[in-house]
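J.: I'd like to ask some things about the structure below.
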Amino acid sequence: MKRDSKRLGIILTTILAVLLLAGPSLALGEGESSDGTKYYLGNSVNAGKDTGYSEDNAIDKDDVHYSWELGQFVVSDYTRVADDDGTPVFLKNVGDEVTLSFNLQQDINQLNGNANVTIDSDLNGYDQRLGVPQQDFGRGTLIIQYTDYQNNHHTPTVYSNYLDGVSTGADTKVTTFEEGDYEVVLDYSIKNVNHGRLPWVNIEILPGVTDYTIRTKFKVRNGNCMVYPFDVKTGDELTNTAFTENGFRLDLARSRYLDIDVKKEILADNGNELVPDTRFNKPARDGEEFTDEGVYTFTVTNRYTGQSTTKMIYVGNDPVLNAYVTTGKSVSDIQALLADGATVNEDGTIAQHGKTIAEAQPASEDVRASSPAEPSVENEGGPSLVVPIVAAAAVALLLVVAIIKRSSKKKTADDTDDSHNEE
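In the working numbering, the protein residues as written are 22 to 444.
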């Protein structure tokens, strides 16, 4: 029996060790590392020769660049990634610094292990697509084109002779990104000495030089859906279900790609209900002010996460509507309470006989998913493997215990039979 217990202990220890070793790797999907999320972008194409790196030719088997990559762009330190018609969208939260790096996979002085194939210096390079004028590109030039929320294409940032300062096998940081659309390009030339070498003498005559490029596009967006209303006169921030006589201004806190929709309701002629002002319902913009009397409900939606935030603000000085936005009670119920002797306090709550009978509702904004569809998330399937593997391990453990118990019972029975035979 002691031997069986020892055997069971060994099996349990082995299973536990396997689960502990598998856990970290299962928690990280492909393309991720223990340092955080990573997303690899870009592949080389043959860009012709002296065309401003404008061609987009496949690298075929006769090309010196065939079957190997110079490197890839790496985006890291984002919260998650969505997809916008094939373009990656990196979502960032407060504290995230979406970072672009380049991972060089080759020694530029002996590409693919061949000392006769090297990165050439392009003294008269230019990029036709991005409008980068002719200049000394050196040994590879990195170009970043930034487009802002107003679709304004900023002057490209050019890093000439880029590959000379990059270490092989490491993610070399280029820059960090805020919200916007980005196109990142690495233009480089490859010189193949063997292309122009005479076969009968070891003399370089006309080495072959071909241009290549790695191009990729992506977007960076804030992952929140927050909106901040401020009193237009005092500058104070207004919480959800607040009221003000002055009006308010919307502030999206520099989140430029959120959608805002606003509707206004006004008190009906009968004084017992709110009716929509259909002429007013419309999209709104960052910084817009609302000063006309009415109950405003505005919804901010993040199209990349499917989340939305809804807030309600009353502009005016009607005590009934102050109580409406504060307590959440219907206008007719409030009117009935007032007819029964209740009063509306300065903070919008309702009191009767010196006691508060209608408290303020929670002022936190209503954040919800506006669509059941979730955005595509990088490596979403990775962590989900943990559950079935742990379940399988548990089943295996139960089987092992059952087998050991059965063996123990059989051994006990055999020992009993042997003792009877001896008698």
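Even glycine gets a Cβ: it sits at the ideal position worked out from N, Cα and C.
Return the Cβ separation of Leu121 and Tyr325 in integer angstroms, given the expectation that the two are a contact with Cβ distance under 8 angstroms.
T.: Not quite, the Cβ-Cβ distance comes to about 19 angstroms (not below 8 angstroms), so this is no contact.
J.: Taking a contact to mean a Cβ-Cβ separation below 8 angstroms, would you say Phe301 touches Val248 in this structure?
T.: Going by C-beta atoms, Phe301 is not nearer than 8 angstroms to Val248.
J.: If we define contact as Cβ-Cβ less than 8 angstroms, is Ala360 a contact residue for chain B?
T.: As a matter of chain content, chain B is missing from the structure shown, which is built from one protein chain.
J.: Which residue comes first and which comes last in the beta strand (DSSP E) that contains Ala360?
T.: Ala360 -> not in any beta strand (DSSP E); alpha helix (DSSP H) instead, spanning 352-360.
J.: For Pro383, list the residues DSSP reports as bridge partners.
T.: According to DSSP, Pro383 bridges with nothing at all.
J.: Report the three-state DSSP secondary structure of Val346 (helix, strand or coil).
T.: helix
J.: With DSSP as the reference, please indicate the residues paired to Ser122 in a beta bridge.
T.: In the DSSP output, where bridge partners are listed per residue, Ser122 has Val95, Lys194.
J.: Check whether the Cβ atoms of Ala344 and Ile355 sit closer than 8 angstroms, and answer yes or no.
T.: Contact: yes.
J.: Measure the C-alpha to C-alpha separation of Asn291 and Asp298 and round it to an integer number of angstroms.
T.: 16 angstroms
J.: Taking all protein chains shown into account, do 16 or more other C-beta atoms lie within 10 angstroms of the C-beta of Lys376, making it buried, or fewer, making it exposed?
T.: exposed
J.: Taking C-alpha atoms, which residue in Leu259, Glu294, Arg275, Lys332 lies nearest to Val283?
T.: Lys332
J.: How long is the line joining the alpha carbons of Gly134 and Ile80, rounded to whole angstroms?
T.: 18 angstroms
J.: In terms of residues, what are the limits of the beta strand (DSSP E) holding Gln171?
T.: It is not in any beta strand (DSSP E) - Gln171 carries neither H nor E in the DSSP assignment.
J.: Which of helix, strand or coil does DSSP assign to Val102?
T.: strand
J.: Do the segment 203-212 and the segment 227-242 meet, that is, are 3 or more Cβ pairs less than 8 angstroms apart?
T.: yes
J.: Quick check on Arg101: buried or exposed, where buried means 16 or more other Cβ atoms within 10 Å of its Cβ?
T.: buried
J.: Using the three-state DSSP reduction, which class does Tyr249 fall into: helix, strand or coil?
T.: strand
J.: Taking the alpha carbon of Tyr472 as the reference point, which residue from Leu151, Asp84, Asp192 has its own alpha carbon closest?
T.: Residue 472 lies beyond the stretch modelled for the chain, which goes from 22 to 444, so this question has no answer here.
J.: Taking only the alpha-carbon atoms, compute the straight-line gap between Val153 and Thr162 and give it to the nearest angstrom.
T.: Spanning the two alpha carbons is a distance of roughly 11 angstroms.
J.: Just to confirm my understanding: we take Ala461, look at its own chain, exclude 5 residues before and 5 after, and list those with CB closer than 8 angstroms. What are they?
T.: No answer is possible for residue 461: the residues shown for the chain start at 22 and end at 444.
J.: Within the chosen definition, does the segment 163-175 reach the segment 126-146 through at least 3 CB pairs nearer than 8 angstroms?
T.: no
J.: Just how far apart, CA to CA, sit Val96 and Pro109?
T.: 10 angstroms
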